[in-house]
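Asks: Next up is a structure, given as structure tokens.
Number of protein chains: 2
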Amino acid sequence: MASQRGEGETTTTPAEPADRERARAIPEAAVARLAVYLRVLSGMADQGVTAVSSEELSQAAGVNAAKLRKDLSYIGSYGTRGVGYDVEVLVSHIERILGLTRNHSVAVVGIGNLGHALANYGGFPGRGFPVTALFDVDADLVGIPVGGIPVNHIDDITAVCLEREVSIGVIATPPPAAQSVCDRLVSAGVQCILNFAPVVLQVPDNVEVRKVDLAVEMQILSFHVARRADEAASVSAGIGPAGNNGLGVDGMVIRP
Amino acid sequence: MASQRGEGETTTTPAEPADRERARAIPEAAVARLAVYLRVLSGMADQGVTAVSSEELSQAAGVNAAKLRKDLSYIGSYGTRGVGYDVEVLVSHIERILGLTRNHSVAVVGIGNLGHALANYGGFPGRGFPVTALFDVDADLVGIPVGGIPVNHIDDITAVCLEREVSIGVIATPPPAAQSVCDRLVSAGVQCILNFAPVVLQVPDNVEVRKVDLAVEMQILSFHVARRADEAASVSAGIGPAGNNGLGVDGMVIRP
DNA sequence: TCGACTTTGTGCATCCGTTCACAAGCGGTA
DNA sequence: TACCGCTTGTGAACGGATGCACAAAGTCGA
């Protein structure tokens with residue numbers, strides 16, 4: 001019965017007691033940005049950069065400098081006034097807060113086009129997320145290794161997930177199967193789900209779902225295309241505001 | 001030079017004049033939800049449902065009923081008090097606002113694992129987004145059809161995008177190539193970009209970028225795993241609040 | 001040792017989005 | 001026709017996130 005993860009909290013890093021209340025207080029939007037900062041910082045570290053100011057980092061991450069400092073302040077005060085931040089220090093603290101000091105075993109369900117792509121990443125981008133199990137309904141796929149991992153039958157989800165202590169389930173199935181797969185993952189003790197299926201999943205309160213919805217993304221872009229067209233029409237009709245939208249097609253203006 | 005899309009605004013639907021100001025006022029979050037409502041409504045229509053109340057629709061979409069009504073109010077008043085909404089009517093109005101009454105030609109750049117998956121969708125989920133061009137740097141791939149469309153060399157982006165009036169560019173390249181590809185798309189007149197590369201793109205003001213970042217999604221989930229572990233530790237130590245988090249592993253509790 | 005300069009961390013005002021609560025409006029019924 | 005119950009649409013309160021501006025705090029050079 002090795003499913004209740006993180007029971008003993010010996011997580012390599014000292015784990016200061018204040019972290020608990022801190023972690024609970026960090027707004028979700030800030031968490032997402034912290035992940036971005038982490039990537040930028042890692043890149044800097046790889047290039048030998050050892051120190052960085054909030055100004056530099058914020059530009060590289062594409063956010064406001066004040067917002068960046070506020071985000072960092074959620075996890076503690078690790079900067080030096082008049083100097084900036086030590087890249088290594090910041091990286092390790094963000095990793096700690098994001099829970100990246102331990103590995104998170106990932107299961108991918110649905111080995112179609114997308115499932116293949118995900119499995120072949122072999123450990124998700126930005127290590128620490130080893131894919132340890134693959135599932136599909138198709139009996140012909142079972143046993144065949146994809147990205148080095150053999151595909152299991154979907155009926156074995158519970159057993160396999162418990163055995164391999166899967167923390168994160170990725171749903172890459174067709175829409176009709178998604179809710180059923182989700183239910184099975186939940187009953188296997190998986191509390192975090194990344195859902196690629198265009199379906200609104202119903203889950204218990206203690207399960208965290210994040211969805212990646214290509215159709216929605218495309219439609220948001222479509223909305224902006226339409227809005228642009230409308231604005232252009234308004235402007236050319238002399239209705240619109242004196243906006244500074246230079247709609248030049250040939251311009252390759254890159255913002256500094 | 002047929003690049004300035006939507007010049008004449010004969011968009012099949014009457015296109016009420018008030019729409020312009022409306023579209024500009026709709027918050028982005030609401031736009032994303034409208035896309036979700038649209039999908040749910042389409043599903044209902046397929047099942048022969050003709051009318052729906054805000055309560056029903058909001059449950060199916062997993063949002064607050066009041067929020068749903070406010071979202072719908074952004075696009076106009078198309079409900080009937082005491083009755084609800086006509087499914088067909090709502091579908092057509094949401095489609096109109098989202099600009100789905102016309103097709104949006106899509107180009108996918110980077111035909112690796114993900115690019116393959118995207119190309120093979122053959123017209124993105126939820127029609128209206130035909131993939132009309134594929135690009136890659138690899139000369140070995142050029143000419144080979146993927147999902148029925150031959151791959152072009154990346155150097156031909158500008159010409160091909162202009163010719164096929166691409167409105168939306170999808171970047172599925174490795175990180176180092178992303179910015180360069182983005183620049184080329186922009187100079188080809190593409191104003192909407194969906195970016196799968198874990199890179200912060202720099203673009204001019206008139207270009208809309210949406211990013212899908214798997215690493216960030218995973219790390220947000222990781223954060224929640226860590227937070228859970230901390231909370232569990234606090235609770236078992238008698239520190240935490242009397243939260244109702246029944247961490248039962250066997251429970252398959254589906255919220256109504 | 002002292003002062004000038006740089007950059008962090010944060011209180012505060014502002015803005016945007018969510019939620020509540022209720023009046024307005026519509027269909028059905030007597 | 002007049003009433004009743006139901007559901008929409010929205011004004012207003014609320015809460016959370018964003019951006020500003022500045023004090024606190026450190027480094028560097030004289």
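Chains as they are written, first to last, in UniProt numbering: chain A, 1 to 256; chain B, 1 to 256.
Just so it is clear, CB atoms sit at the ideal spot from N, CA and C, and this is done for glycine as well.
Report the neighbours of B/SER222 on chain A: residues whose CB is nearer than 7 Å to its CB, in chain order.
Replies: In chain order: LEU98, GLY99, LEU100 and HIS104.
Asks: For A/THR158, which three-state DSSP category applies?
Replies: Here A/THR158 sits in helix by DSSP.
Asks: Taking DSSP as the reference, what is the three-state secondary structure of A/VAL40?
Replies: Correct three-state label for A/VAL40: helix.
Asks: Is residue 260 of chain A helix, strand or coil by DSSP?
Replies: Since the first residue shown for chain A is 1 and the last is 256, residue 260 of chain A is missing from the structure and cannot be characterised.
Asks: Taking 8 Å as the CB-CB limit, is B/ASN64 close to chain A?
Replies: Output row for B/ASN64: interface = no.
Asks: For B/ASN103, name the three-state secondary structure that DSSP assigns.
Replies: Here B/ASN103 sits in coil by DSSP.
Asks: Shortest alpha-carbon distance to A/VAL181 belongs to which of A/VAL207, A/ILE154 and A/ILE168?
Replies: Considering only alpha carbons, the answer is A/ILE154.
Asks: Just the C-alpha distance for residue 263 of chain B and B/PHE196, rounded to the nearest angstrom, thanks.
Replies: The question about residue 263 of chain B has no answer here: the residues shown for chain B are numbered 1 through 256.
Asks: Below 8 Å, can you find three or more Cβ-Cβ pairs linking the stretch 133 to 153 of chain A to the stretch 200 to 214 of chain A?
Replies: Result no; under three Cβ-Cβ pairs closer than 8 Å.
Asks: In the UniProt DNA-binding region "H-T-H motif" (36 to 75) of chain B, which residues sit with their C-beta less than 8 Å from some C-beta in chain A, listed in chain order?
Replies: Per Cβ criterion, the list reads VAL36, LEU38, ARG39, VAL40, ALA60, ALA61 and GLY62.
Asks: In chain B, which residues lie with their C-beta within 9 Å of the C-beta of A/ILE168?
Replies: The answer, in chain order, is MET218, LEU221, SER222 and VAL225.
Asks: Straight-line CA distance for A/ALA2 to A/VAL160?
Replies: Annotation note: pLDDT 34 at A/ALA2 (below 50); position unreliable, no value reported.
Asks: Just the Cα atoms here: how many angstroms apart are B/VAL207 and A/ARG228?
Replies: About 10 Å.
Asks: Below 8 Å, how does it come out for the stretch 79 to 89 of chain A and the stretch 104 to 122 of chain A: are there three or more Cβ pairs, yes or no?
Replies: No, because fewer than three Cβ pairs between the stretch 79 to 89 of chain A and the stretch 104 to 122 of chain A fall closer than 8 Å, the two stretches do not touch.
Asks: Rounded to whole angstroms, what is the Cα-Cα separation between A/VAL69 and A/VAL91?
Replies: Here the sequence assigns Arg to residue 69 of chain A, which means Val is not the residue at that position. Straight-line Cα distance between these residues: approximately 15 Å.
Asks: List the residues of chain A that B/ASN120 touches, going by C-beta distances under 7 Å, in chain order.
Replies: Neighbours of B/ASN120 on chain A, chain order: ASN113.
Asks: Which residues in chain A have a C-beta closer than 7 Å to the C-beta of B/PHE129? List them in chain order.
Replies: The contacting residues are MET218.
Asks: Tell me the rounded alpha-carbon separation between B/MET81 and A/VAL199.
Replies: The displayed chain sequence assigns Arg, not Met, to residue 81 of chain B. Rounded to whole angstroms, B/ARG81 to A/VAL199 spans 29 Å at the Cα level.
Asks: Determine the extent of the alpha helix (DSSP H) in which residue 258 of chain B is found, giving its start and end residues.
Replies: In this structure chain B extends from 1 to 256, so residue 258 of chain B is not present and cannot be described.
Asks: To the nearest angstrom, how far is it from the Cα of A/LEU185 to the Cα of A/GLY169?
Replies: So the alpha carbons of these two residues sit roughly 7 Å apart.
Asks: Evaluate B/GLN191 with the Cβ neighbour count: other Cβ atoms within 10 Å of its Cβ, from every protein chain shown; 16 or more gives buried, anything less gives exposed.
Replies: When all chains shown are included, B/GLN191 counts as buried.
Asks: Whose C-beta lies closer than 7 Å to the C-beta of B/VAL209 among residues of the same chain, with five residues either side of it excluded?
Replies: If we look at B/VAL209 and ignore the five residues flanking it on each side, its Cβ neighbours are ILE193, ASN195, LEU201 and VAL203.
Asks: In angstroms with no decimal places, state the Cα-to-Cα distance between A/GLY6 and B/ASP230.
Replies: At A/GLY6 the pLDDT is 31, less than 50, meaning the model places this residue with poor confidence; the figure from the coordinates comes in the next sentence. Their backbone Cα atoms lie some 8 Å apart in a straight line.
Asks: List, in chain order, every chain B residue whose beta-carbon is nearer than 9 Å to that of A/ALA165.
Replies: Residue identity check: residue 165 of chain A is Glu in the sequence provided, not Ala. Here the premise fails: no neighbours, minimum Cβ distance about 11 Å.
Asks: Grouping DSSP H, G and I as helix and E and B as strand, with all else coil, what is B/LEU134?
Replies: DSSP places B/LEU134 in strand when its eight states are reduced to three.
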